[in-house]
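Sequential numbering from 1309 applies to the sequence shown in my numbering. What follows is one structure encoded as structure tokens, with my remarks underneath.
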Amino acid sequence: MTKGSSTPEVDWKLVVRRLKGTGPSEGRMLVEKAILEAAGLPLRLRKARRRLFILTSSASEGRPAIIETESGLVCVIAVDDLVDVVMEKGPTLAEVMEAARGVTVIEYEE
């Protein structure tokens, strides 16, 4: 669990929810990329054991953690975040981009 780049972070849950409707191969790759960017570099299992409290605290605050094991990568994620991603309808791409830019759009009904 290392800090990612210094660029402004987009909420990884919004990105994942948005990608639920894309094609399986493209969507899978983009979802994996969004989670890995949010989590930072994977920790080796031995190091993850020493930092378990920090990893779980981080996950409960909305930042997933990635642990590298012999059989692949494991993601530690809060149950609330998982439920949000699975159950909530995703925003449109425009909404995600606006949120990343900090733009507020006001819709007028006629």
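Where is the CB? At the ideal position from N, CA and C, for every residue including glycine.
- Comparing C-alpha distances from valine 1387 to each of Val1339, Ile1362, Gly1335, Gly1370 shows the shortest one belongs to Gly1370.
- When Leu1401, Pro1399, Arg1352, Asp1389 are compared, the shortest CA-CA separation from alanine 1346 is found for Asp1389.
- A buried status is given to valine 1384, since no fewer than 16 other beta-carbon atoms sit within 10 Å of its beta-carbon.
- Partner residues in the beta bridge of threonine 1377, as assigned by DSSP, are Gly1380.
- Taking a cut-off of 8 Å on C-beta distances, the segment 1347-1356 touches the segment 1373-1380, as three or more cross pairs fall below it.
- Arginine 1352 is bridged by DSSP to Glu1376.
- The C-alpha of arginine 1357 is placed about 36 Å away from the C-alpha of glycine 1329.
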